[in-house]
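Notes for the one structure printed next.
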Amino acid sequence: MASALTWAWHLLGSAPHAATALRDEALAVLGQRAPTFADYTRLPYARAVVDEALRLYPPAWLITRTSREADVLAGREVPAGALVVMSPWLVHRHPDLWHDPERFDPSRFLATGASDPARLGYLPFGAGPRLCIGRDFALVEATLIMATIARRWRCDPVDAASVRAEPLVTVRPARGLPMRVRPAQEPD
15 MASALTWAWH
25 LLGSAPHAAT
35 ALRDEALAVL
45 GQRAPTFADY
55 TRLPYARAVV
65 DEALRLYPPA
75 WLITRTSREA
85 DVLAGREVPA
95 GALVVMSPWL
105 VHRHPDLWHD
115 PERFDPSRFL
125 ATGASDPARL
135 GYLPFGAGPR
145 LCIGRDFALV
155 EATLIMATIA
165 RRWRCDPVDA
175 ASVRAEPLVT
185 VRPARGLPMR
195 VRPAQEPD
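In terms of the numbering used here, the sequence shown has 100 at position 86, counting the first letter as 1, and numbering is strictly consecutive.
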């Protein structure tokens, strides 16, 4: 989740309204106390920021599977033993599933329901029987960390324009992501 948190701060640096909404929620729910597990469900905007960061920068940019038996997928024959490759990076940016898919918009995760087609196209932890076993822990941890940091600090990218994603085993900033950290109340 370190990568997801890094990307989340990068995205918030270009969306001050979202950073303010996150901070306001964190202060309203947590005040100055340490978060507890019970706070997780009371931080929907913090969770939406995490979800949106994972949508735009999924940890695994490719997921591969080997077909156990012959099948037909989207009208194409898939023989037994074939390597099937799926890219969450591309699915998460598909305009048939996501309105304005390149835009950072945490609110898209606040109003969606189980029937929303985008929910079927949100795969940062994979899906089905091979879904990442650590998903729920990671989401709770990331949400509470985002809120804890946001209530006290601003994390702004030093040079957001030059940041480029590098797809290795995970999607990471190609040359790191230097940040300027300062108290949240400090003026610009």
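Note that CB positions come from ideal geometry on N, CA and C, so glycine has one too.
Please go through the same chain and pick out, in chain order, the residues whose beta-carbon is closer than 6 Å to the beta-carbon of Val185, but skip the five residues on each side of it. As a first step, residue 185 is located in the sequence shown; it is residue number 171 there, counting from the start. Correct list, in chain order: Tyr71, Trp75, Ala179.
DSSP three-state label for Glu180, please. The residue labelled residue 180 in the question sits at position 166 within the sequence shown. In this structure, Glu180 counts as strand in the three-state DSSP scheme.
Nearest candidate by alpha-carbon position, reference Ala152, set Thr34, Tyr54, Arg107, Pro109: As a first step, residue 152 must be located in the sequence shown, where it is residue number 138. For the residues Thr34, Tyr54, Arg107, Pro109, the minimum Cα distance to Ala152 belongs to Tyr54.
Take Ala29 as the anchor and find which of Pro73, Arg117, Arg90 has the nearest alpha-carbon. Translated into the one-based positions of the sequence shown, residue 29 becomes position 15. That would be Arg117, whose Cα lies nearest to the Cα of Ala29.
Whether or not the segment 88 to 104 and the segment 59 to 67 are in contact is what I'm after, with contact meaning three or more pairs of Cβ atoms, one per stretch, closer than 8 Å; do they touch? no
Measuring alpha carbon to alpha carbon, tell me which residue in Ile163, Tyr59, Pro109 is nearest Phe123. Looking up residue 123 in the sequence shown gives position 109. Among Ile163, Tyr59, Pro109, the Cα nearest to that of Phe123 is on Tyr59.
Near His24, which residues of its chain fall below 7 Å by C-beta distance, leaving aside the five closest residues on each side in sequence? Reading the sequence shown from its first residue, position 10 is the one you call residue 24. Short of 7 Å from the beta carbon of His24, and not among the five residues preceding or following it, lie these beta carbons of its own chain, in chain order: Pro171, Ala174, Val177, Leu191.
Cβ separation of Val43 and Leu57, assumed to be a contact under 8 Å, to the nearest whole Å: The residue you call residue 43 lines up with position 29 of the sequence shown. The residue you call residue 57 lines up with position 43 of the sequence shown. Indeed, because the Cβ distance is near 6 Å, the residues count as touching under 8 Å.
Should Gly148 go down as buried or exposed, given a rule of 16 or more other Cβ atoms within 10 Å for buried? One-based indexing of the sequence shown puts residue 148 at position 134. Burial call: exposed.
Rounded C-alpha distance that separates Ile77 from Ser101: Looking up residue 77 in the sequence shown gives position 63. Looking up residue 101 in the sequence shown gives position 87. Roughly 6 Å separates the two Cα atoms.
Counting along the chain, where does the alpha helix (DSSP H) carrying Glu83 start and finish? Numbered from 1 along the sequence shown, position 69 holds the residue referred to as residue 83. Per DSSP, Glu83 belongs to no alpha helix (DSSP H) and is neither H nor E.
Give the straight-line distance between the Cα atoms of Glu39 and Gly142, rounded to the nearest whole angstrom. On the sequence shown, position 25 is the one that residue 39 refers to. On the sequence shown, position 128 is the one that residue 142 refers to. Those two C-alpha atoms are separated by around 32 Å.
Glu91 - partner residues in DSSP beta bridges: Here residue 91 is taken as the residue at index 77 of the sequence shown, counted from 1. In the DSSP output, where bridge partners are listed per residue, Glu91 has Val86.
Note the first and the last residue of the continuous beta strand (DSSP E) segment covering Leu25. Mapped onto the sequence shown, residue 25 falls at position 11. Not the beta strand (DSSP E): Leu25 falls in the alpha helix (DSSP H), residues 16 to 27.
Reduced DSSP category for Asp150 - H, G, I as helix; E, B as strand; rest coil: For this step, residue 150 is matched to residue 136 along the sequence shown. Asp150: helix per DSSP, three-state reduction.
Just verifying my parser: in three-state terms, what is the DSSP assignment at Val172? For this step, residue 172 is matched to residue 158 along the sequence shown. Reduced to three states, the DSSP call for Val172 is coil.
Consult DSSP for Gly45 and reduce its assignment to one of helix, strand or coil. Along the sequence shown, one-based indexing puts residue 45 at 31. Three-state DSSP puts Gly45 in coil, outside helix and strand.
Can you check whether the CB of Leu19 is closer than 7 Å to the CB of Arg165? Residue numbering aside, residue 165 sits at position 151 when the sequence shown is read from its first letter. Residue numbering aside, residue 19 sits at position 5 when the sequence shown is read from its first letter. Not in contact: Arg165 and Leu19 (Cβ atoms no closer than 7 Å).
Bridge partner(s) assigned by DSSP for Ala188: Walking along the sequence shown from the start, residue 188 turns up at place 174. BP columns for Ala188 point to Gly190.
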